[in-house]
Structures are given as structure tokens and as C-alpha cells.
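Visitor:
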Amino acid sequence: MSVNKRISLKTRFTLLIVALVAGAVVLLGALVYQLSSEYIRASIARSVLERAEHMAQQLDQNMSARVQEVLLLTNVYSANQTLSEAVIRSQLEQIQDQYSVASWIGFLDAEGVVRVGTGGILEGANISHRPVYRFGRRGLWVGDVHEPELLATLLPNPSGEPIKFVDVAAPVFRGDGELHAVLAMHLSWEWAENIMQRVFDAARNDNYPIEFFVIAQNQTVLLGAETAIGKPLSELVTLASATRLNRRNWDIQQWQDGKYLTGIVPTEGTGEYSGLGWTIIARVPVSAAFEPVTTLQQRIATLGLLLVVIFGSIGWFFSARFSAPLIRLAKAADAIKSLTGKVDVPNENASPELSNLSQSLNQLLKRLQMQRQEIDDLEDIVHTDPLTGLPNRAFLDEYLSHAIPEAERANLAIGVMFIDFDGFKEVNDKLGHHAGDLLLKRVATRLKNVVRAGDVVARVGGDEFVMVVKAGGGEVEPLMKGLGGRIIEEVSRPVNAGEKVEAKVGGSVGAAWWPYQGKDAQQILKNADAALYQAKREGKGRYVLYTVHAGDED
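Residue numbers (this note's numbering): 925 to 1478.
1. Does DSSP put Tyr1470 in a helix, a strand or coil?
2. Output the distance between the C-alpha atoms of Gly1036 and Trp1028, rounded to the nearest integer angstrom.
3. Any idea which residues DSSP pairs Pro1086 with across the strands?
4. Would you tell me roughly how many angstroms separate the C-alpha atoms of Ile1305 and Gly1386, rounded to the nearest one?
5. Mind checking Met1294: buried by the 16 CB within 10 Å criterion, or exposed?
6. Tell me which residues share the same chain as Ile1234 and place their Cβ nearer than 6 Å to its Cβ, disregarding the 5 neighbours each side in the sequence.
7. Look at the alpha carbon of Gly1067 and the alpha carbon of Glu1114, and state the distance between them as a whole number of angstroms.
8. Where in the segment 975 to 1036 do unbroken runs of the beta strand (DSSP E), each at least 3 residues long, occur, reported from the N-terminal end onward?
9. Buried or exposed: which applies to Lys1354, given that a residue is buried once 16 or more other Cβ atoms fall within 10 Å of its Cβ?
10. If you drop the 5 nearest sequence neighbours on each side, which residues of the same chain put their C-beta closer than 8 Å to that of Arg1098?
11. Of the choices Arg1410, Leu1371, Trp1437 and Asp1021, whose alpha-carbon is the least far from that of Gly1398?
12. So, helix, strand or coil for Trp1202, using DSSP?
13. Once DSSP output is grouped into helix, strand and coil, what is the label at Val1060?
14. Are there 16 or more other CB atoms within 10 angstroms of the CB of His1053, so buried, or fewer, so exposed?
15. Under 8 Å Cβ to Cβ from Gly1347, same chain only, skipping five residues before and after it: list those, please.
16. Under the rule that 16 or more other beta-carbon atoms within 10 Å means buried, what is Gly1434, buried or exposed?
17. Please identify the residue among Leu1160, Gly1201, Ala1108 and Gly1406 whose C-alpha is closest to the C-alpha of Asp1091.
18. At 4 residues or longer, what runs of the alpha helix (DSSP H) sit wholly inside the segment 1061 to 1145?
19. Say the cut is 7 Å; is the CB of Gly1386 nearer than that to a heavy atom of the ligand GTP?
20. Over the uninterrupted beta strand (DSSP E) stretch that includes Leu1185, give me the two end residues.
21. Give the DSSP-derived three-state secondary structure of Gly947 in the structure shown.
22. What separation, rounded to the nearest whole angstrom, lies between the Cα atoms of Gly1193 and Gly1199?
23. Tell me the DSSP bridge mates of Arg1207?
24. Considering only DSSP beta bridges, list what Lys1464 is partnered with.
25. Kindly indicate the opening and closing residues of the beta strand (DSSP E) around Ile1153.
26. Return the CA-CA distance between Ala1334 and Pro1156, expressed in angstroms with no decimal places.
27. Under the assumption that Tyr1467 contacts Gly1378 (Cβ atoms under 8 Å), give the Cβ distance between them as a whole number of angstroms.
28. Taking the Cβ atom as the reference point for each residue, do Leu1336 and Lys1394 lie within a distance shorter than 8 Å?
29. Count the other C-beta atoms from every protein chain shown that fall within 10 angstroms of the C-beta of Val1472, then say buried if there are 16 or more, exposed otherwise.
30. Going by the DSSP bridge assignment, what does Pro1315 pair with across the sheet?
31. Can you tell me the Cα-Cα spacing of Gly1043 and Glu1017, whole angstroms?
32. Assess, as a yes-or-no matter, whether the segment 1357 to 1373 is touched by the segment 1449 to 1458 under the definition of 3 or more beta carbon pairs within less than 8 Å.
33. I need the DSSP call for Gly1148, collapsed to helix, strand or coil.
34. Taking the Cβ atom as the reference point for each residue, do Phe1137 and Ala1126 lie within a distance shorter than 8 Å?
35. Where Asp1309 and Gln1441 are concerned, what is the direct C-alpha to C-alpha distance, given to the nearest angstrom?
36. Which whole-angstrom value is the C-beta distance of Leu1147 and Ala1116, which I expect to be below 8 Å?
This is the structure:
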């Protein structure tokens, strides 16, 4: 025996596969190790979080600066309570000119009356009912974003868009600790919009588009996409159960318009400003955020394809010589699979494995042929009523599932007739079940003689039969009516059930036809059954075609 015959086919292919896999694993493993996708994802997520954190810090620092200005002024006015309103007005106007975000600054007396208001706005008005006074008289107070009630029509608004403010207020106390005044400042929400724009501009150099949202403590959107402002956050994104808005974190979240890498950073306040519970959310489309990972995947795929081509060429060169016998056996196996025509399994002796395989295939072929015959026999049993030899309900359902589409293509109608014996229970009770079975078999034979070639009659229950016929749409009703009369006649003929014993039953028939009286097989069967019960109610021994009236009564 030659060396080639002693080396098994399994050994040859094993060595080849080991070489291919080893080369691919070494090269791809080195590449994946160097370009770790997890590292890239974490790096991008950190970058997004840093952008959100930068914006949170900017908001906190700017609010803290405004708070410090208000506190500084209250200290000045506490120390110099003799300053005239003219001097205070001049100082407040200068501050407003210096900080354009201060839309209005007011100096309120202890009763809540505006003594000095920048631009003369609200001077003399009592605003003791407003939060800036009610909370500001007690201590430093910072109010969340809101639309003004009193200033909405008094302040210039060239854009025509709703004006929004953040309020800062603090008390001015006299030397004896009694309230002297309240200093109130309305900050235009534009300062936050400007901060977001600056952070957004700084992120333009990143390789992905980024969006920012400022979320209030009650989880409504204060700042972000125009269509999102004022909406609850829950309408925009379904946050994962583990996601928390009160801690710095990131995750892939499902937003209303797609999946985004979502970074969450809560504001914390700084200095005297303790914060308003805002949360900064930065989001980047997953497809854009993880584009480097996609690039990595493409590189791996390219290298993998190159390896496949190289090792595939080598494998093809060596396997062509050894695989010819296997190919012949594979063709024989395909023929065995279909079991059509004559199947020949070649005897391959190029290696012990091939010889064993060809012998096994021959044995398998013989077993499959035997099993195929057994399956055919079982299918006949499964679809046949054992007593009458007629098709059963399983066959009927399968037949109708194919017959209706075929009839639709051929522009034919399908008629279904439900047949039920009248008085069959009395036969069983008086003559015994043997007589009842004999009656069923004899009547089944008669029904087979009634049915036309190509049509079907099946036993679907104890004394229930169904006949299915095909005809043109205008012919099916007359055909079923004629068959119904013959069926009743054949069912009603007595059956010899023994010595001088006759078993006799009547017959009722309910009919319906597709497509006029039902859209599918189940509906047609149901309607034919309803017509059968209508025939029973009308006195039995008759044929009834389904109508809506018959169905309603059922």
C-alpha cells in the first residue's frame, strides 16, 4: 500500500485546517490586540463626556459669577445704606452694560416695592408676590429657568421668541439685622445658549457630530434642539434601567430618532452657587461615534479576505488531488437525499475512511429507501379514516389549503357540503355500535360513488362527512343542490345490519361555497356547518345553502 493510501483523508484535511486557522489567528489576533475596539469605544465615550463636563463647568462657573456679583452688591448696599436711588441706579445700569446677560436688575425695598429698576422698568411696582422677593428676602436665592410674567412685554425682544430668565436674588440687611432691601437680577437664558454654542464650536474639530441638551431637575429639556425644548426627557429617549442622571456616566441609549452614544454629566454648582440640579446630556449617533471601530472591522475583514485568498489557493492546490473521491461520494449523497431515479454509490478505496464512507452510504441508501416507504405508508394512515377508508379531517384541511389557491388561479369556485346523519344515535343505541360502524362504512361507499372524479369526500367526525367540489362560479350552486339531493337519497337508503335487521338513518346537508360565502377554508367550513344546523332546525332530511340569515341563527 502506498504512502498516500496509508495517510487518511481526515489527517490530510486536519493538517490543512490547522495551518489555515493558525495563520489567521496569529495575524488577526495581533491586529485586534493592537487596535482594541473596546479601547476605542471607551476613548470616544470619554471624549463625549469631557465635552459634556466642559459645558457643565461653564454653566456652573457663569452662574457662580453672577451670584458673586449679586452678593458683592448686597454687601456694598448693606455697608452704605444712605446711598441715594440715583447712585444705585447708576451702579446697576453700569453692571447691566458690562454684563449683557443681565436683562433686568432691581433694587426692592423691604416691602417689595421696586425703588430702582434698570431702564426704569417696574419702578414703583409692588412685586412682593414674586419669588425674587418672597425667597430673596430670606437669603441668597437662585430661581430656575422660567418665562417672565411682568417683564415679558416690558423688555425689548427683537426676535419675537419667548424670553426666558434665571433669577438671582439676595437680601440687604441693616446693621440691626432687619431687612433693608432685596437685590434681584434677571439673567437672560441667552447666556446658556451662548455657552452651548461655544462648546459646540469647540467640538467641531472632533470626527463626529455632537448635540447637547440641558435637562432641568424635573427632567424637562431646558436647552437643546428647538423641537425638544420644553418636552419631558422621557419623550425623547428611553433610558436604560441602570442609567442615572445624577452621576457621570455613558451608555448606548435608544432615542426617538435612533441609537446614540449618550454621555451624562450633572452640574454640581461651585462656590456660593449650589446648583439648580441641571444635567448636561451630550449625544453622538452610534454610527458616527464608533466609525473608528467600523474602520477597524474593515481592516480586519480586508486582512482576513487576503488570508482566505492566500490559504484558499494553497488549500485548493493540495485538496484538488485528494478531494476527487470525496466529490464523487458527495454527488452520490445528494442523489440519496432526493431519492429520485437510480442511485449508485461508488466504491472508493483511496483511503480507509473513504472505503468506510462508501460502504456506510450504501447501507444508508438501503435504510432510507425502506424508511421512505414506511413514511409513505404512515402518511396514508395519518390522512385516512380507519373505519371507512375515506380521507380524514387532517387530509381535508391540507387539501383545502392547496385547493383554494389553485381554484383562484383557475378562476373556479369551491363548494363545501357538510353531511350529517339524522337518527344515527338511535341506531347505535338500539342495534349496537357494530351496526353503527357497518352503517358508516356502507354509506361512505355510497358517498364515494356519488362524488365526481377530482372531487373529495372525507369523514370529519362520528357521523359527519364533508364533500368538496370544484366548478365554475355560475355552476357550483346547481351542482351542489343536485349532489345534495343524491346524498340525502343515498344516506337514507337502509343498510343490512344483520339477519333481518336493517339500519336506517336520514341525512341533512349544509352547503357554502368559496369565494362568495367565505374568504378562506375555515370560514367556508364554518358557514357550511351553520347551513347544516339550519337544515336540522327546519326538519332534517333536507339540503340548505348558507345565507347570512342561516349563519345569524346559528
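Heads up, the beta-carbon is just placed ideally off N, CA and C, and yes, glycines get one too. Note that the coordinates shown come from a computational prediction; the quantities given were computed from them, not determined experimentally.
Guide: Inspection of the coordinates gives the following:
1. Position 546 of the sequence shown holds residue 1470. It is coil, neither helix nor strand.
2. Looking up residue 1036 in the sequence shown gives position 112. Looking up residue 1028 in the sequence shown gives position 104. Straight-line Cα distance between these residues: approximately 16 Å.
3. Locating residue 1086 in the sequence shown gives position 162, where the first residue counts as 1. According to DSSP, Pro1086 bridges with nothing at all.
4. Translated into positions along the sequence shown, residue 1305 becomes position 381. Translated into positions along the sequence shown, residue 1386 becomes position 462. Straight-line measurement puts the Cα of Gly1386 at about 18 Å from the Cα of Ile1305.
5. Residue numbering aside, residue 1294 sits at position 370 when the sequence shown is read from its first letter. A residue is called buried once 16 or more other Cβ atoms fall within 10 Å of its Cβ, and Met1294, having fewer, is exposed.
6. Counted from its first residue, the sequence shown places residue 1234 at position 310. Take Ile1234, set aside five residues on each side of it, and no residue of its chain has a beta-carbon closer than 6 Å to its own.
7. In the sequence shown, counting from the first residue as 1, residue 1067 sits at position 143. In the sequence shown, counting from the first residue as 1, residue 1114 sits at position 190. Going by the C-alpha atoms only, they are around 16 Å apart.
8. Listed in chain order, the complete beta strand (DSSP E) runs (minimum 3 residues) inside the segment 975 to 1036 are 1026 to 1033.
9. For the purposes of this step, residue 1354 is taken as residue 430 along the sequence shown, with counting starting at 1. With fewer than 16 Cβ atoms within 10 Å of its Cβ, Lys1354 is classed as exposed.
10. As a first step, residue 1098 is located in the sequence shown; it is residue number 174 there, counting from the start. Within its own chain, the residues whose Cβ lies closer than 8 Å to the Cβ of Arg1098, once the five positions on either side in sequence are excluded, are Ser1002, Gln1005 and His1104, listed in chain order.
11. By 1-based counting over the sequence shown, the position of residue 1398 is 474. Nearest C-alpha to Gly1398: Trp1437.
12. Stepping through the sequence shown from its first residue, residue 1202 is reached at position 278. Of the three classes helix, strand and coil, the one that applies to Trp1202 here is coil, per DSSP.
13. Taking the first residue of the sequence shown as position 1, residue 1060 is located at position 136. In the sequence as displayed, the identity of residue 1060 is Gly instead of Val. Gly1060 falls in the coil class under three-state DSSP.
14. Indexing the sequence shown from 1 puts residue 1053 at position 129. Label assigned to His1053: exposed.
15. As a first step, residue 1347 is located in the sequence shown; it is residue number 423 there, counting from the start. These residues qualify, in order along the chain: Lys1428, Val1429 and Gly1430.
16. Walking along the sequence shown from the start, residue 1434 turns up at place 510. Buried, by the Cβ-count rule.
17. As a first step, residue 1091 is located in the sequence shown; it is residue number 167 there, counting from the start. Here the closest residue by C-alpha is Ala1108.
18. Within the segment 1061 to 1145, the alpha helix (DSSP H) runs of at least 4 residues that lie entirely inside it are, in chain order, 1114 to 1126.
19. Inclusion of the ligand GTP in the displayed structure is not the case, the ligand content being empty and no account of it being possible.
20. By 1-based counting over the sequence shown, the position of residue 1185 is 261. DSSP places Leu1185 in the uninterrupted beta strand (DSSP E) bounded by Gly1182 to Pro1190.
21. As a first step, residue 947 must be located in the sequence shown, where it is residue number 23. The three-state secondary structure of Gly947, taken from DSSP, is helix.
22. One-based indexing of the sequence shown puts residue 1193 at position 269. One-based indexing of the sequence shown puts residue 1199 at position 275. Using only the alpha carbons, I get a separation of about 4 Å.
23. For this step, residue 1207 is matched to residue 283 along the sequence shown. Note: Arg1207 sits in a beta bridge opposite Glu1135 and Thr1186.
24. By one-based count along the sequence shown, residue 1464 stands at place 540. Residue pairing by DSSP places Lys1464 in no beta bridge whatsoever.
25. Residue mapping note: residue 1153 aligns to position 229 of the sequence shown, counting from 1. Boundaries for Ile1153: no beta strand (DSSP E) harbours it, and the DSSP string shows neither H nor E there.
26. Position 410 of the sequence shown, counting from 1, holds the residue named residue 1334. Position 232 of the sequence shown, counting from 1, holds the residue named residue 1156. Counting only the Cα atoms, Pro1156 lies some 58 Å from Ala1334.
27. Taking the first residue of the sequence shown as 1, we reach residue 1467 at position 543. Taking the first residue of the sequence shown as 1, we reach residue 1378 at position 454. So it is not a contact: roughly 22 Å between Cβ atoms.
28. Working through the sequence shown from its first residue, we reach residue 1336 at position 412. Working through the sequence shown from its first residue, we reach residue 1394 at position 470. Taking 8 Å as the Cβ cut-off, Leu1336 and Lys1394 qualify as a contacting pair.
29. Indexing the sequence shown from 1 puts residue 1472 at position 548. Answer is exposed; the Cβ neighbour count stays below 16.
30. Looking up residue 1315 in the sequence shown gives position 391. DSSP links Pro1315 through a beta bridge to Thr1308.
31. Start at 1 with the first residue of the sequence shown, and residue 1043 comes out as number 119. Start at 1 with the first residue of the sequence shown, and residue 1017 comes out as number 93. When rounded, the distance between both Cα atoms is 8 Å.
32. Judged by Cβ distances under 8 Å, the segment 1449 to 1458 makes no contact with the segment 1357 to 1373, as fewer than three pairs qualify.
33. Along the sequence shown, read from residue 1 onward, the residue named residue 1148 stands at position 224. The DSSP-derived three-state label of Gly1148 is coil.
34. Here residue 1137 refers to the residue found at position 213 of the sequence shown. Here residue 1126 refers to the residue found at position 202 of the sequence shown. Judged by beta-carbon spacing, Ala1126 lies beyond the 8 Å limit of Phe1137, meaning their Cβ atoms are not closer than that value.
35. Taking the first residue of the sequence shown as 1, we reach residue 1309 at position 385. Taking the first residue of the sequence shown as 1, we reach residue 1441 at position 517. CA-to-CA, the gap between Asp1309 and Gln1441 works out to about 28 Å.
36. Your numbering for residue 1147 matches position 223 in the sequence shown. Your numbering for residue 1116 matches position 192 in the sequence shown. Indeed they touch by this definition, with Cβ atoms about 6 Å apart.
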